[in-house]
Structure formats: C-alpha cells, structure tokens
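Going down the list, the protein sequences come from chains A and B.
FYI, in our numbering the residues of the first sequence are 1 to 207.
FYI, in our numbering the residues of the second sequence are 208 to 431.
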Amino acid sequence: MNSASFGEFAKNGRWLDNPGLVLLPGLCPLLAACTSATNALGLGLAMMAVLVGTNLGVSLFRNQLSAAIRLAVMLMLMAAITTVVELVMQAYMFKLYQALGIFVTLVACNWMVLDRAGNFACIHPSKPALVDGLLTGAVCMLLMLAVGTIRELMGPGALQPVAAFLVPGLLMALGNVITRRLARSKPTAAIGTVAVGSKRARVTGRI
Amino acid sequence: MSNPAAQVSPGKATLQHSLRLGAFALGTAALLVFADNLTKAQIDLHRLEFEQQLLIQVLPASLHDNDLTANSFRLGPDSRAYRQPELLGLSTTRTGYLATMKGMPAGVILPFETEGYGGAIVLVIGIATDGSITGVRVLQHGETPGLGGQIDISESQWITGFNQHSLTDTPESKWQVKGDGGNFDQFVGATITPRAVVAAVHNALLFFEANKNVLLAAGSKKEP
Numbered sequence: 001m002n003s004a005s006f007g008e009f010a011k012n013g014r015w016l017d018n019p020g021l022v023l024l025p026g027l028c029p030l031l032a033a034c035t036s037a038t039n040a041l042g043l044g045l046a047m048m049a050v051l052v053g054t055n056l057g058v059s060l061f062r063n064q065l066s067a068a069i070r071l072a073v074m075l076m077l078m079a080a081i082t083t084v085v086e087l088v089m090q091a092y093m094f095k096l097y098q099a100l101g102i103f104v105t106l107v108a109c110n111w112m113v114l115d116r117a118g119n120f121a122c123i124h125p126s127k128p129a130l131v132d133g134l135l136t137g138a139v140c141m142l143l144m145l146a147v148g149t150i151r152e153l154m155g156p157g158a159l160q161p162v163a164a165f166l167v168p169g170l171l172m173a174l175g176n177v178i179t180r181r182l183a184r185s186k187p188t189a190a191i192g193t194v195a196v197g198s199k200r201a202r203v204t205g206r207i
Numbered sequence: 208m209s210n211p212a213a214q215v216s217p218g219k220a221t222l223q224h225s226l227r228l229g230a231f232a233l234g235t236a237a238l239l240v241f242a243d244n245l246t247k248a249q250i251d252l253h254r255l256e257f258e259q260q261l262l263i264q265v266l267p268a269s270l271h272d273n274d275l276t277a278n279s280f281r282l283g284p285d286s287r288a289y290r291q292p293e294l295l296g297l298s299t300t301r302t303g304y305l306a307t308m309k310g311m312p313a314g315v316i317l318p319f320e321t322e323g324y325g326g327a328i329v330l331v332i333g334i335a336t337d338g339s340i341t342g343v344r345v346l347q348h349g350e351t352p353g354l355g356g357q358i359d360i361s362e363s364q365w366i367t368g369f370n371q372h373s374l375t376d377t378p379e380s381k382w383q384v385k386g387d388g389g390n391f392d393q394f395v396g397a398t399i400t401p402r403a404v405v406a407a408v409h410n411a412l413l414f415f416e417a418n419k420n421v422l423l424a425a426g427s428k429k430e431p
C-alpha cells in the first residue's frame with residue numbers, strides 16, 4: 001500500500017491476484033451451499049465478516065505475533081470469529097442459519113482467510129488490512145452470489161450439483177480471458193509478491 | 208516485521224511464546240463468552256419457535272384441538288416418574304406435549320435423541336393413543352448436508368416414512384434399514400445416520416408403550 005497506488009493495489013490484489021478467481025478451490029467448500037442467491041449472499045457476508053475480523057485482529061496484534069505462534073493465533077482467531085458470526089446469524093437470521101447449516105462453520109477452515117491474514121494482515125497496519133479484508137470478502141461474495149443466482153435460475157434439477165462446479169468454472173474462464181486482455185494491453189510491471197519470511201509457500205496468484 | 212524474541216535464550220523464548228499464546232487464547236475465549244451471552248436469549252427464542260412449528264407437523268391439527276404448549280411436561284435422562292427413561296436417549300431435560308381431542312387424550316409428542324455421524328441428533332415424535340406414529344421431525348443435527356442431512360425434512364421426505372407405523376404393524380426385527388433386513392429406506396452415502404434414527408424411533412415407541420398410562424394422563428390432570 002505504501003509504494004503502489006490504491007488503483008494498482010486494487011487491480012493486483014483483487015483481480016490478478018484474487019484468490020477467488022485464481023484459486024477457486026478456496027471457494028469449493030462453500031459452493032455446495034450456494035444453491036440460491038439468498039444463501040450465497042448470506043454465506044458471502046459471513047465470509048466477508050470473518051475475513052475482515054481476522055485481518056483486523058491479526059493486523060492489530062502483528063507486532064506481538066512472532067513466527068512461532070503466528071499460525072496458532074491466526075487459526076484461533078479465525079475459529080473464534082467464525083463462531084461469533086455463527087452465533088449472530090443464529091440470533092438474528094435464524095432461517096438463513098438453518099439453510100446454511102454446517103457451511104458457516106466451514107468458513108473457519110477456509111485457507112483464503114488464512115492467506116489474507118498470513119500474507120497481508122500480519123505485515124500491514126490495520127487500515128489496509130481492513131480494506132484488504134473488505135475487498136477480498138466483496139469479491140468472494142460477488143462470485144458466490146453469481147454462482148447462487150445462476151444456480152437458482154437453473155432451478156432444482158439434475159444439473160444442480162454439477163452446476164456448483166460448472167458455473168464457477170465458466171466464471172474462472174471469463175476471469176482468465178479478461179486477465180489476458182489486461183496483460184496484452186499493458187506490459188506488466190513486476191507484481192511485488194508479499195514476502196513474509198515464513199516457511200509457508202505462497203500459493204495465490206503468481207508464485 | 209518485528210522480531211522481539213530474536214536475542215533471547217531458547218528456554219526464555221519458549222516461555223515467552225507460551226505466555227503470549229496463552230494470553231491470546233484467554234482473549235479469544237473471552238470474546239466467545241461475550242458473544243454467547245449476547246446472543247443466547249435470542250437463539251433460545253428462535254429454537255423454541257422452531258420447535259413449536261414442528262409440533263404441528265408431528266401431530267397434525269386435525270388430530271387434536273388443544274393448545275399443545277399449555278399441556279407440556281418435562282422429560283429428562285433420569286425422570287423418576289417414567290419407566291426406562293433411557294430409551295429416549297435424552298442428554299438433558301426436554302419438553303413433551305400431550306394432545307387432546309374434546310378433552311380426551313389423542314396422543315403425545317416426545318423429545319428423543321440419538322448419536323449420528325456428526326454428533327447428537329435431537330428429534331421429536333408424535334404418537335397417537337393407539338401407538339401409531341403421526342410424525343417424526345429432526346430438531347437439531349450436525350449431519351453432512353446431502354448425505355446424513357437427508358433426515359431433515361428440508362432436504363428429503365425420508366423422515367415421513369415412519370408415519371402410521373407402530374410396534375404392532377412392524378415387528379421388532381423389521382425396525383431396521385432395508386440393508387440390514389428391515390422395513391425402512393436408507394440413503395446412499397450415509398449408513399450411520401438412518402440406522403441411528405430408525406433405532407431411536409423404535410426406542411421412542413418402546414418408551415411410549417412402557418409409559419402409556421402415565422403419559423396420557425400427564426396433561427389431563429392439569430386441565431381445569
């Protein structure tokens with residue numbers, strides 16, 4: 001955020017490097033519940049809340065998080081924030097909670113949250129970490145909403161379970177086309193990979 | 208990237224890490240307690256509302272004319288008032304209901320529990336006075352959606368397969384899933400869940416049989 005302008009940050013971070021489109025497997029555990037626009041939106045919101053909460057928490061305590069305990073603390077925070085989101089959902093959106101069931105819990109072990117927390121939030125101040133969480137969450141939510149809406153329009157039928165993979169597959173192809181167009185129109189400036197000095201391999205976007 | 212623990216001895220570093228991790232764990236636990244306190248009342252309210260909606264499904268309005276919630280009784284894992292309360296598998300005290308038609312007992316709704324693939328499954332069963340099932344529904348479960356989750360009416364009609372059955376029309380050996388030689392359907396991909404539910408429904412009927420008189424008299428005493 002320091003060297004790159006916001007626009008570039010948004011483009012690199014949220015489009016070229018977007019975990020949702022580039023590495024769809026991150027969304028896979030959640031796709032099964034995206035059977036309708038409402039469910040997808042609900043789960044997307046939950047995902048966004050967990051992303052923002054975890055990013056903010058990790059970023060606030062980033063100076064206390066030495067390498068030895070970072071992963072443990074991040075996982076603990078993810079699980080706790082997911083539980084809080086689950087409780088709030090149960091208290092104020094009971095119908096939605098019932099429809100989503102176990103899938104809200106699954107957000108806790110979504111590596112995309114861990115990726116943002118471990119690769120971004122733990123080396124950035126809280127403000128960019130918050131923005132990062134919001135943007136990543138928003139993109140995830142839009143993708144899930146797209147999948148949910150298309151599946152809802154297809155109606156319940158034989159194609160439904162297949163559609164959970166077909167629809168995001170098509171979206172991913174579309175994303176790749178746009179990315180290639182972008183790359184062709186403008187020779188790419190080197191995209192700074194985030195080096196955290198951790199032992200974990202970087203798995204998102206460009207390696 | 209700050210590295211405060213760079214120049215300390217390994218032992219000291221370990222202690223520091225442990226203390227720090229412990230502090231974070233405490234903080235996280237506090238957050239959870241706070242959130243739980245904040246939402247508990249509201250969640251309980253929703254659960255109760257949901258339970259009451261299900262009551263009508265397990266004992267249709269055509270079979271009774273009383274206010275079920277006004278004719279409720281408590282059932283626990285060791286209720287002294289009943290014979291063999293362990294048949295219901297309850298882990299905590301739950302609510303049962305007596306249905307009446309023109310002042311005469313018409314049936315009961317009993318809570319019962321079993322252990323599925325994903326932890327406890329809480330159910331309710333409606334039983335008419337003749338011992339036949341008027342409906343079974345799942346209140347809470349942690350089964351996998353699409354697999355064991357099909358015990359829930361929102362996913363599949365499987366649970367309605369118990370309707371009208373009783374201990375008299377289905378012999379003991381037939382209270383099993385078809386794969387085990389019984390009368391009840393199973394579903395692909397899940398064996399533990401339907402087996403557990405079929406066995407639990409059978410046990411609930413046995414409990415009703417053993418406590419018929421007490422159960423059917425339970426609510427009528429309270430009536431004015």
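Note that the Cβ used here is the ideal one computed from N, Cα and C, for glycine as well.
| Check | Outcome |
| --- | --- |
| Distance, B/Arg301 Cα to A/Trp111 Cα | 39 Å |
| Proximity test, Cβ basis, 9 Å: B/Pro352 and chain A | yes |
| Stretch pair the segment 290 to 301 of chain B + the segment 371 to 383 of chain B: three plus CB contacts closer than 8 Å | no |
| Listed by chain order, chain B residues near A/Gly101 by CB distance under 8 Å | Pro352 and Gly356 |
| C-beta neighbour in chain A for B/Arg227, strict 9 Å | yes |
| Buried or exposed by the 16-neighbour rule on C-beta atoms within 10 Å, applied to A/Gly118 | buried |
| Any 3 or more C-beta pairs closer than 8 Å across the segment 342 to 355 of chain B and the segment 381 to 389 of chain B | no |
| Contacts of A/Val73 in chain B (Cβ-Cβ under 9 Å) | Arg227, Leu228, Phe231, Ala232 and Thr235 |
| Cutoff 9 Å: B/Asp392 Cβ touching any chain A Cβ | no |
| Members of the segment 75 to 91 of chain A near chain B, C-beta cut-off 7 Å | Met76, Leu77, Ala80, Thr83, Val84, Leu87, Val88, Gln90 and Ala91 |
| Cβ neighbour criterion (16 or more within 10 Å) applied to A/Gly101 | buried |
| Reduced DSSP secondary structure (H/G/I, E/B, other) of A/Tyr97 | helix |
| DSSP state of B/Gln383 mapped onto helix, strand, coil | coil |
| Complete beta strand (DSSP E) runs within the segment 268 to 335 of chain B (minimum length 3 residues, chain order) | 279 to 282, 301 to 308, 311 to 323 and 326 to 335 |
| B/Ile340 in three-state terms, based on DSSP | strand |
| Beta-carbon proximity of A/Gly133 to A/Leu51, cut-off 9 Å | yes |
| Test item: CB-CB of B/Thr246 and A/Ala68 under 9 Å | no |
| DSSP-derived helix/strand/coil call for A/Pro121 | It is worth fixing the name first, because residue 121 of chain A is Ala in this sequence and not Pro. Looking at A/Ala121 - three-state DSSP - the assignment turns out to be helix. |
| Three-state secondary structure assigned by DSSP to B/Val395 | coil |
| 6 Å Cβ shell around A/Ala99 - same chain, five flanking residues per side excluded | Asn39 |
| Chain B residues whose Cβ lies nearer than 7 Å to that of A/Ile69 | His224, Arg227 and Leu228 |
| Beta carbon proximity, B/Ala220 to chain A, threshold 9 Å | yes |
| Short CB-CB distance (under 9 Å) between B/Ile263 and chain A | no |
| Cα-Cα separation between A/Cys109 and A/Met78, rounded to whole angstroms | 8 Å |
| Residues of the segment 236 to 252 of chain B whose Cβ lies closer than 7 Å to any Cβ of chain A, in chain order | Leu238, Leu239, Ala242, Asp243, Thr246, Gln249 and Ile250 |
| Test: B/Leu412 CB closer than 9 Å to a CB of chain A | no |
| When B/Ser361, B/Ser363 and B/Pro318 are compared against B/Ala411, the one with the closest alpha-carbon | B/Pro318 |
| Under 8 Å by beta carbon: chain A residues contacting B/Gly349 | Ile102 |
| Amino acids of chain B, ordered along the chain, whose beta-carbon sits closer than 8 Å to that of A/Ala46 | Neighbours of A/Ala46 on chain B: none; closest Cβ ~14 Å, over 8 Å. |
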